[in-house]
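Residue numbers (our numbering): 20 to 237. Yeah, the Cβ is synthetic: ideal placement off N, Cα and C, and Gly gets one too. Remember, predicted model here, so these are calculated numbers, not experimental data. Only one structure is covered here, and it is reproduced in the block below.
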Amino acid sequence: FFFFFFFQAEDGIRDVERSRGLGDVYKRQYQRRVHGDSFYQGFVVAMAEQQEKAFQKQNNVYLNTKALLSKKTEKGERYYKTVGLGFKTPKEAINGTYIDKKCPFTSNVSIRGRIIKGICIGTKMKNTIVIRRDYLHYVKKYLRFEKRHTTVSAHCAPCFSHVKVGDIVTIGQCRPLSKTVRFNVLKFEPFKIVGNVKKQFMLFQTKNAIKITCLLYT
């Protein structure tokens with residue numbers, strides 16, 4: 020029993036020393052394996068905070084004002100706005116400390132143009148998600164509809180860090196943010212889908228689509 024305990028303790032020390040030489044990802048995997056998921060929940064809460072090492076600053080905030088320097092507060096001054104169109108500003112954007120120059124709530128990016136609603140099918144990129152939008156295309160020759168879909172890449176601000184695959188996301192058009200991103204996430208609704216997300220077909224009807232369907236069935 021003594022030798023078994025000695026070898027087990029020695030293996031644990033080797034695992035700790037091996038984890039020190041690895042990156043943060045391997046350290047967290049080791050901590051999750053040893054301590055369980057309860058130890059790892061603290062990292063999920065701080066996802067909306069800033070992770071860049073360089074100094075980050077909002078363009079609309081002047082940090083050298085006498086009123087700001089005299090307060091001596093850690094929170095400092097925070098710029099946020101309302102994008103309009105009935106969308107509310109998230110609490111994470113108001114009370115958070117992240118700096119994102121492409122966020123529609125805390126930067127100069129304005130929302131104009133199209134408003135699209137779809138299902139999130141990918142969250143592997145940093146601050147960017149992939150939306151699947153399903154729609155019906157009318158074939159005049161056969162007098163019937165066929166199912167079609169498009170995938171749209173949208174910027175996901177840190178205030179929407181809890182978006183996962185299968186959620187219903189509302190995005191709005193903005194200026195080009197990168198080579199393939201022209202939309203920004205404005206709202207999301209948690210939704211659970213059974214099975215493969217890419218095999219689902221969901222229509223989110225607007226007022227014009229409802230009028231068209233009423234005319235076809237009357």
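Item: So, with DSSP's three-state summary, where would you put E165?; Value: strand
Item: Report yes if the C-beta distance between F223 and K136 is below 8 angstroms; otherwise report no.; Value: yes
Item: Among the residues of its own chain, which have a CB less than 8 angstroms from the CB of I148, if the five just before and after it don't count?; Value: C139, G141, T142, S172, A173, C175, V182, V188 and V204
Item: Only counting runs of 4 or more residues, tell me where the alpha helix (DSSP H) segments fall wholly within the segment 77-162, in order along the chain.; Value: 85-90 and 110-114
Item: Between the segment 115-122 and the segment 164-171, do at least 3 Cβ pairs fall closer than 8 angstroms?; Value: no
Item: Comparing C-alpha positions only, which one of Y99, E96 and R151 sits nearest to K218?; Value: R151
Item: Report the option in N215, S180, L104 and N78 whose CA atom is closest to the CA atom of I134.; Value: L104
Item: Per DSSP, what kind of secondary structure is F223 in: helix, strand or coil?; Value: coil
Item: Excluding the five sequence neighbours on either side, which residues of its own chain have a C-beta within less than 7 angstroms of the C-beta of I212, listed in chain order?; Value: G185 and Q219
Item: Using DSSP with H/G/I as helix, E/B as strand and the rest coil, what is V184?; Value: coil
Item: Whose CA, out of K160, E71 and V128, lies closest to the CA of P195?; Value: V128
Item: Out of M221, K206, L82 and N215, which has the shortest C-alpha to C-alpha gap to F124?; Value: K206
Item: Among all the DSSP beta bridges, which residues are the ones paired with T170?; Value: R151
Item: When you compare each of G214, L162 and A112 to S180 by their alpha carbons, which one comes out closest?; Value: A112
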